[in-house]
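Quick notes on the structure that follows.
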Amino acid sequence: MTHRIQVGMLFIIMHLSFSYLIYPDLIYRLTKTSHWEVILCQGLMQLILLWIYYKGLNYFPDKNVIEIYLKIGKWAAIIFLTPYVINLIAIVGFNLRLHAEVINDVFLPRTPYWSILILLFFISVYTAIKGLDTILRSSVIIFFIVIPLIFFNIFSSFTNFDLHSVSPVWDSPLKFLFNIKYFYLMGFSSFLILGFISSGANSNFCQIFAVFVSVVLFSLSAVYIPLFIFGQETVTTLAYPFLEAINSVDISWFIFNRQTMVFGISLVGLVILANAVLLWMSGHIMQKTYKWKTMEAAYWIILLSVIAFVVALVVPHQSLVEKFFLWSTGAQTYFMIIIPSFIFLYGSLSKGGLVGYDKK
Amino acid sequence: MIKSKVSRLSIVFLSILFLSGCWDIKDINNRSLPLVLGISKENGQEYKLTLQIPIPKSDNQISRTVTEKGKTVTNALGHIQTNSENAIDYSQVQLIVIQKNLAKNQQEFRDLIKFLMGSEDIPSRALVAITDDNVENVLSNINNKLGVNASAIYDYFNKGTAWAPELFSTPIWEVYRSQFLSTKDIAVPAVRAGKDTVLVFEGSTILRQGQFIETIGPKDSQMINVFNNKDVKGYTENLGFASIMVTNSSIQSKIKMNNNKPYVTSDLRLKIHILERKQGITNKKIYEKIERLTERRFYNLLKKTQHSQSDIFGFGQQFQHVISYHDLKDWRYKYYPDLKVDFKVHANLE
Chain A
1 MTHRIQVGML FIIMHLSFSY LIYPDLIYRL TKTSHWEVIL CQGLMQLILL
51 WIYYKGLNYF PDKNVIEIYL KIGKWAAIIF LTPYVINLIA IVGFNLRLHA
101 EVINDVFLPR TPYWSILILL FFISVYTAIK GLDTILRSSV IIFFIVIPLI
151 FFNIFSSFTN FDLHSVSPVW DSPLKFLFNI KYFYLMGFSS FLILGFISSG
201 ANSNFCQIFA VFVSVVLFSL SAVYIPLFIF GQETVTTLAY PFLEAINSVD
251 ISWFIFNRQT MVFGISLVGL VILANAVLLW MSGHIMQKTY KWKTMEAAYW
301 IILLSVIAFV VALVVPHQSL VEKFFLWSTG AQTYFMIIIP SFIFLYGSLS
351 KGGLVGYDKK
Chain B
1 MIKSKVSRLS IVFLSILFLS GCWDIKDINN RSLPLVLGIS KENGQEYKLT
51 LQIPIPKSDN QISRTVTEKG KTVTNALGHI QTNSENAIDY SQVQLIVIQK
101 NLAKNQQEFR DLIKFLMGSE DIPSRALVAI TDDNVENVLS NINNKLGVNA
151 SAIYDYFNKG TAWAPELFST PIWEVYRSQF LSTKDIAVPA VRAGKDTVLV
201 FEGSTILRQG QFIETIGPKD SQMINVFNNK DVKGYTENLG FASIMVTNSS
251 IQSKIKMNNN KPYVTSDLRL KIHILERKQG ITNKKIYEKI ERLTERRFYN
301 LLKKTQHSQS DIFGFGQQFQ HVISYHDLKD WRYKYYPDLK VDFKVHANLE
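In order, the protein sequences belong to chains A and B.
1 is the number of the first residue of the first sequence in the UniProt record's numbering; add one for each residue after it.
1 is the number of the first residue of the second sequence in the UniProt record's numbering; add one for each residue after it.
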């Protein structure tokens, strides 16, 4: 039971780490009026995928995604999971670079980004090497540190709200569905992790649903806080709307006068844990798929993280980082569709075949 | 065992390396923290930047002003960095005083605000004020006044509710936002250097998308505060035969469209406190007088702003649900001049 709660916390943390920097910006570019439509639509589609994934995993109790693929054959695991690992590494690299730049902006303006990058990488890799149990335990700590800070940011931003900045009208044609940015947007989730933690799939779908709803609520707050403060036209001109929104709050009588600091610190917590999980996943996949004797999971993690670090380091400037990050989330969308449906199909076919065989 | 000890030790040493958090860091006593930034333009060409920097070392809290010129604001900031004795840290800038001649050029002003908003050093919460005076005079005026704290200019705008209800403040981010809003314009406080006090409040300057429109007096600015639901508690008014103080105000507006023309009914409820009155003046007469006075003031201001097509009250914001997003972009020019407002004041004793 406690394990399930930890998984839920980890799930929320991973989604939060995706939802503050690029996410609001994408939504503002997708639609001008009813932003909630996009968010709910994205949530609904992810939920459907998640349900397929859940159903598919339920055909194979006590097995994780890697074991299912290995059951089909080593070739399947290599073909399907190796590109996914490459994708994960790209996400880790660009995500960390992105966060390093923002942390640079927020409170370390004179520090070169690579030193922040080293720090973030070092802690993430260390956590990833320590294994899943450490990640889950630290997710509890991070959760209890970060969530109050985020709530504090949300509530303090109410002081600058102009409720008239947002029109809640229903904008019927779902034009955004055919925009490539929507495809990128779909990748801002990491529910695939559930299939790699055996107990994650064992939990009740109602619990997953409850956690998912809270994730959608957080996404709504990340999009609507800048919108309520600045309005649509202004928000599209800002580099990091959420950051600027938090920056505008002035509570001079309060001890934490600079809300941006609070936000920056919570970002650090989120990004370290989220990337530790991604690294752990990729290390785990590589070790189980290739089964090279000398390569333990830890070595794989170190090797992959070095690749990710180099990738993060060599990207020359920020706009390119954002572009690459979007590409890698787009690729993740692809895997979010492929892996769950494949497992679902394989599960239902093999189970159906098995039942049919028994009847004979 | 040894391996884990070695790894633990190495982690400790690594953390010494990384967790010190010092990268080109300057101790606070090696930094100058300017509180007020003045920006003006000389001969329509060079930017002139003036900083007011408090000197915390002395007991009687004096400050000094530093002035530099440059082709651009960044340029001038760079000159100041080069020539100053200490590292200048702009993170504590509380107020930015902009000279009116700069504010008159729309494009330049927009660029300036964009720069201030985008700058990582200058906080976007810093307040903006516009002055007719020489910026240098405004900033150095503080040094000639006896017993005035170095942070006086900031304190001036932060007296707290009900202490100076006519005064209001506008942060940079609001000015920046107003450049993109099509349904609301903004007022920026206008000040000048005073003879006995550091600053004198002159009213407010209306900006329409970064363009300087006109300056209105303190009483008119008060109307804007009322419509923005800001606290006007403590505001006093002289009616000739009586003086009153407003203790509470609330405004309620209803909107509708009549023949594609916007229509607003606003009810302002004022709770007043009678400070003094001539003999034989009834409460009713005072109510009537204050109601008429406020309504007249509002209609005058509305007419003025409709003429200049600047929606200073933000009426357009309320039409977000009624008029489509694309039509609202022309709110100022298409709808606002035709706006009819039925404004009623209901005064009452507390």
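Virtual Cβ for every residue (Gly too), placed ideally from N, Cα, C.
Chain-order list of residues whose beta-carbon lies under 7 Å from that of residue i (same chain, five-residue window excluded)
i, result
"residue 97(A)", "117, 312, 315, 321"
"residue 269(A)", "142, 145, 146"
"residue 295(A)", "287"
"residue 235(A)", "28, 226, 227, 241"
"residue 225(B)", "168, 232"
CB contact check: residue i to chain A, cutoff 9 Å
i, result
"residue 182(B)", "yes"
"residue 173(B)", "yes"
"residue 179(B)", "yes"
"residue 14(B)", "yes"
"residue 299(B)", "no"
"residue 27(B)", "no"
"residue 276(B)", "no"
"residue 8(B)", "no"
"residue 124(B)", "yes"
"residue 286(B)", "no"
"residue 336(B)", "no"
"residue 320(B)", "yes"
"residue 132(B)", "no"
"residue 358(B)", "The structure shown does not extend to residue 358(B), since chain B is modelled only from 1 through 350, so no value can be given for it."
"residue 117(B)", "yes"
Neighbourhood of residue i by C-beta, 6 Å cutoff - its chain only, sequence neighbours within 5 removed
i, result
"residue 301(B)", "220, 223"
"residue 244(A)", "238"
"residue 15(A)", "215"
"residue 227(B)", "313"
"residue 291(B)", "345, 347"
"residue 298(B)", "223, 343"
Buried versus exposed call for residue i [16 or more other C-beta atoms within 10 Å across all chains shown]
i, result
"residue 202(B)", "buried"
"residue 154(B)", "buried"
"residue 48(A)", "exposed"
"residue 1(A)", "With a pLDDT of 46 at residue 1(A), under the threshold of 50, the modelled position of this residue cannot be trusted; read the value that follows with caution. Residue 1(A) is exposed by the Cβ-count criterion."
"residue 349(B)", "exposed"
"residue 165(B)", "buried"
"residue 346(B)", "exposed"
"residue 41(B)", "buried"
"residue 229(A)", "buried"
"residue 320(B)", "buried"
"residue 165(A)", "buried"
"residue 276(B)", "exposed"
Test: residue i CB closer than 9 Å to a CB of chain B
i, result
"residue 271(A)", "no"
"residue 130(A)", "no"
"residue 126(A)", "yes"
"residue 32(A)", "yes"
"residue 265(A)", "no"
"residue 134(A)", "no"
"residue 355(A)", "Bear in mind that the predicted position of residue 355(A) carries a pLDDT of just 43, short of 50, making it unreliable; the figure below should be weighed with that in mind. It does not: the Cβ of residue 355(A) has no partner Cβ on chain B nearer than 9 Å."
"residue 241(A)", "no"
Presumed contact (8 Å Cβ cut-off) between residue i and residue j, rounded CB distance
i, j, result
"residue 99(B)", "residue 135(B)", "5 Å"
"residue 22(A)", "residue 217(A)", "So it is not a contact: roughly 19 Å between Cβ atoms."
"residue 246(B)", "residue 272(B)", "6 Å"
"residue 35(B)", "residue 93(B)", "7 Å"
"residue 130(B)", "residue 188(B)", "5 Å"
"residue 367(B)", "residue 55(B)", "Any answer about residue 367(B) is impossible in this case: the structure gives chain B only from 1 up to 350."
"residue 50(A)", "residue 38(A)", "About 18 Å separates the two Cβ atoms, so there is no contact after all."
"residue 329(A)", "residue 188(A)", "6 Å"
"residue 190(B)", "residue 133(B)", "Not confirmed; about 10 Å, so no contact."
"residue 55(A)", "residue 342(A)", "The pair is not a contact, with the Cβ atoms about 13 Å apart (cut-off 8 Å)."
"residue 387(A)", "residue 219(A)", "The question about residue 387(A) has no answer here: the residues shown for chain A are numbered 1 through 360."
Residues bridged to residue i [DSSP beta-bridge criterion]
i, result
"residue 263(B)", "256(B), 340(B)"
"residue 349(B)", "272(B)"
"residue 36(B)", "52(B), 95(B)"
"residue 41(B)", "47(B)"
"residue 69(B)", "48(B)"
"residue 211(B)", "208(B)"
"residue 238(B)", "243(B)"
"residue 294(A)", "Looking at the DSSP assignment, residue 294(A) forms no beta bridge with any residue, so it has no partner."
8 Å CB neighbourhood of residue i in its chain, flanking five on each side removed
i, result
"residue 197(B)", "145"
"residue 163(B)", "234"
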